[in-house]
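**Student:**
Here you go:
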């Protein structure tokens, strides 16, 4: 069973530090996810171009602009 460690709520410096660390970790995870999506889109774009599927190329390019 998971437990939550006791936190001294009177220690605002420690609490702020923990919050800042979690926010930074969340931002890093969000950026990593975005980069993963863009890598996937770039690969899909390369495949669509190889197949000569112009409609799919345009669609994927639009997705890349949206995420980029």
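Numbering (our numbering), first residue to last: 678 to 745. The beta carbon of each residue, even a glycine, is placed where N, CA and C say it ideally should be.
With distances taken from CA atoms, which of 703, 690, 737 and 691 is nearest residue 717?
**Tutor:** As a working note, residue 717 is residue 40 in the chain shown. Among 703, 690, 737 and 691, the Cα nearest to that of residue 717 belongs to 737.
**Student:** Taking the alpha-carbon positions, what's the residue 729 to residue 723 distance?
**Tutor:** Working through the chain shown from its first residue, we reach residue 729 at position 52. Working through the chain shown from its first residue, we reach residue 723 at position 46. Looking at the two C-alpha atoms, the distance is approximately 10 Å.
**Student:** Just how far apart, CA to CA, sit residue 741 and residue 734?
**Tutor:** Working through the chain shown from its first residue, we reach residue 741 at position 64. Working through the chain shown from its first residue, we reach residue 734 at position 57. About 10 Å.
**Student:** Just how far apart, CA to CA, sit residue 725 and residue 709?
**Tutor:** On the chain shown, residue 725 is found 48 positions in, with the first residue counted as 1. On the chain shown, residue 709 is found 32 positions in, with the first residue counted as 1. About 24 Å.
**Student:** So, residue 696 versus residue 744, is the Cβ gap smaller than 7 Å?
**Tutor:** Along the chain shown, read from residue 1 onward, the residue named residue 696 stands at position 19. Along the chain shown, read from residue 1 onward, the residue named residue 744 stands at position 67. No; because the gap between Cβ atoms is not below 7 Å, this pair is not in contact.
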